[in-house]
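Below is one structure, written out as structure tokens; the observations come after it.
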Amino acid sequence: MTAAYDRLKARFARIATLGEAQAMLHWDASAMMPPGGAAARGEQLATLAGLSHDLLTAPEVAGDLADAAAQGEWDAANLELMRRAHARATALPTALVEAMARANSACETIWREAKARSDFALVRPALEEVVRLQREMAQALSAALGLSPYDALMEGYQRGVTAAEVEPVFAAYEAFLAEALPRAEAIQSRRPAPRPLPGPFPVAAQRALCRRMSERVGLDYAHARLDESLHPFCGGTPSDVRITTFYAEEDVAKALMGVLHETGHAQYERGLPEAWARQPVGEAAGMAAHESQSLIVEMQACRSDAFLSFLGRELLAAFGGDPAPYATENLAGLWRRVSRGFIRVDADELTYPAHVILRFRLERAMIGGRLEVADLPGAWNEGLRALLGIAPPDDARGCLQDIHWHDGAFGYFPSYTLGAMAAAQLMQAARREVPGLDEALALGEMLPLMGWLREKVHAQGSRLGFQDLLRHATGKSLDPGDFMAHLRARYLEG
2 MTAAYDRLKA RFARIATLGE AQAMLHWDAS AMMPPGGAAA RGEQLATLAG LSHDLLTAPE
62 VAGDLADAAA QGEWDAANLE LMRRAHARAT ALPTALVEAM ARANSACETI WREAKARSDF
122 ALVRPALEEV VRLQREMAQA LSAALGLSPY DALMEGYQRG VTAAEVEPVF AAYEAFLAEA
182 LPRAEAIQSR RPAPRPLPGP FPVAAQRALC RRMSERVGLD YAHARLDESL HPFCGGTPSD
242 VRITTFYAEE DVAKALMGVL HETGHAQYER GLPEAWARQP VGEAAGMAAH ESQSLIVEMQ
302 ACRSDAFLSF LGRELLAAFG GDPAPYATEN LAGLWRRVSR GFIRVDADEL TYPAHVILRF
362 RLERAMIGGR LEVADLPGAW NEGLRALLGI APPDDARGCL QDIHWHDGAF GYFPSYTLGA
422 MAAAQLMQAA RREVPGLDEA LALGEMLPLM GWLREKVHAQ GSRLGFQDLL RHATGKSLDP
482 GDFMAHLRAR YLEG
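Okay, so the sequence shown: first residue is 2 according to our numbering, each after it adds one.
Rendered as structure tokens:
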């Protein structure tokens with residue numbers, strides 16, 4: 002170790018602490034803050050972003066990075082991530098960082114009203130400003146990092162994955178979907194329609210069930226909270242993780258599956274290496290890695306026949322009534338139903354990637370200057386029609402449905418489907434290496450799976466990039482074939 006490296010570790014710990022404060026303010030804005038606090042919250046977040054940027058770009062940082070030496074694999078990885086973060090930050094003037102924070106906050110606030118009114122024109126000027134600033138940031142990062150502008154944005158969410166790598170994966174999936182979707186629909190149409198669950202489902206009972214199920218996954222509420230928000234999410238910090246969901250008395254699945262999904266995220270944060278807390282190498286390996294952890298819990302484990310057999314008994318005990326709708330086969334028919342829909346967050350796992358492919362292509366075109374914001378609604382509708390054969394009847398169910406672009410998150414969307422593919426690959430490896438995994442799931446025992454993930458994924462922090470993390474855990478880099486094999490087994494056999 003060197004004094005220069007020790008100074009860098011102290012500096013990055015302060016930056017991480019500011020990031021934790023930002024995370025809590027973001028959580029509060031979605032779960033607790035009254036509407037009148039939006040303007041002040043935007044200034045608070047912009048100020049914190051500016052402070053973090055100043056700490057990272059201070060003149061002495063470059064000297065310390067030049068002089069620093071690290072011993073051991075973890076320290077070496079930490080130092081390399083510090084250098085990468087410094088390169089990204091120094092490419093961006095503080096004024097641009099603060100301008101983006103303000104523009105994102107303002108656009109997100111307007112978007113909420115525009116979505117409610119299905120009025121794209123209302124948010125268009127604010128989104129044009131966000132896109133203008135994103136293009137400026139992408140160009141600056143491109144020059145500093147030696148990446149294309151869009152790849153430079155992608156790297157901010159998932160290190161080591163480029164658009165050139167994503168394109169053929171998505172093209173192959175598009176071809177698979179064109180053949181698989183009609184087959185899955187035909188198989189589904191030949192089966193008896195599943196019986197709806199006998200609601201209503203009182204919110205208090207749902208809340209208790211959601212908490213119990215998240216505890217089954219291993220979430221420790223001494224370090225976690227479960228609250229309500231319009232859209233479920235996971236926020237907070239590794240020692241104080243916040244998950245949210247949305248309850249509807251007529252639909253228990255929405256809240257329950259939302260909580261299980263967010264618990265997967267939460268468990269990743271809780272499992273990060275404590276010895277490297279508030280250091281770059283102690284963070285999650287990226288958003289595709291994060292999505293793999295939420296989806297292996299929700300889609301791979303909790304929607305499996307094994308776990309549904311357990312969950313049906315829990316639902317019956319919580320809500321009573323006719324036991325027949327809670328049978329495994331019926332729950333599978335309800336919660337693994339294929340449907341061409343307009344809304345990404347409501348999509349089944351077979352059609353979900355089509356929604357991501359659409360957004361990947363559109364945001365890449367916007368950043369590249371090939372698509373202007375004014376033309377987004379039409380391009381969206383044409384793209385969805387090409388992928389799924391449907392077009393939304395209004396912009397609320399089209400280009401206004403997601404918060405991401407209105408909050409400045411360009412380059413994020415590919416992580417969702419890369420994460421789904423990684424989740425299938427990880428689950429296949431876990432079944433090979435964890436004896437009796439499905440038998441445990443049938444008893445509602447998630448800890449064998451979570452213990453394997455804790456060792457193979459969570460405890461690795463960001464020591465490894467996405468592909469190397471998969472090689473470490475499964476013995477190979479991303480293999481979309483594992484995801485397609487999972488989908489064939491679940492939807493195309495019968």
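Quick reminder that beta carbons are idealized off the backbone N, C-alpha and C, glycines included. Quick caveat, the model's predicted, so the values are computed rather than measured.
| Asked | Found |
| --- | --- |
| Please report the residue range of the beta strand (DSSP E) in which residue 137 lies. | It is not in any beta strand (DSSP E) - residue 137 instead sits in the alpha helix (DSSP H) that spans 121-146. |
| Identify whether residue 490 lies in helix, strand or coil by the three-state DSSP scheme. | helix |
| I want to see whether chain B comes within less than 8 Å of residue 51, judged by CB atoms only; does it? | Among the protein chains of the structure shown there is no chain B, as only one such chain exists. |
| Drop a sphere of 10 angstroms on the beta-carbon of residue 310, count the other beta-carbons inside from all chains shown, and report buried for 16 or more, exposed for fewer. | buried |
| Counting beta carbon pairs with one atom in the segment 459-471 and one in the segment 312-331, are three or more of them shorter than 8 Å? | no |
| DSSP state of residue 440, grouped into three classes? | helix |
| In chain order, what residues of the same chain have a beta carbon less than 6 Å from the beta carbon of residue 1, not counting five sequence neighbours either side? | Outside the modelled stretch of the chain, which goes from 2 to 495, sits residue 1, for which no answer is possible. |
| For a quick check, are the C-beta atoms of residue 281 and residue 105 less than 8 Å apart? | no |
| Within a Cβ cutoff of 6 Å, which residues of the same chain sit near residue 345, ignoring the five residues on either side of it in sequence? | 356 |
| Determine the extent of the alpha helix (DSSP H) in which residue 312 is found, giving its start and end residues. | 306-320 |
| Kindly identify the DSSP beta-bridge partner or partners of residue 246. | 229 |
| Which ranges would you report for the alpha helix (DSSP H) in the segment 163-196 if only whole runs of at least 4 residues count? | 164-191 |
| Going by C-alpha distance, which of 99, 247 and 133 is nearest residue 364? | 133 |
| In the DSSP assignment, find the alpha helix (DSSP H) that holds residue 18 and state where it starts and stops. | 4-32 |
| Which class does residue 238 belong to by DSSP, given the choice of helix, strand or coil? | strand |
| Return yes when the C-beta of residue 483 is under 7 Å from any heavy atom of the ligand ATP, and no when it is not. | Although the ligand ATP was asked about, the structure shown includes no ligands whatsoever. |
| Examine the Cβ distances between the segment 403-423 and the segment 239-255 and report whether three or more of them are shorter than 8 Å. | no |
| Using C-beta distances below 6 Å, list every residue in its chain close to residue 419, excluding the 5 sequence neighbours before and after it, in chain order. | 289 |
| Rounding to the nearest angstrom, what Cα-Cα distance links residue 202 and residue 251 in this structure? | 6 Å |
| From residue 84 to residue 138, what distance separates their C-alpha atoms? | 18 Å |
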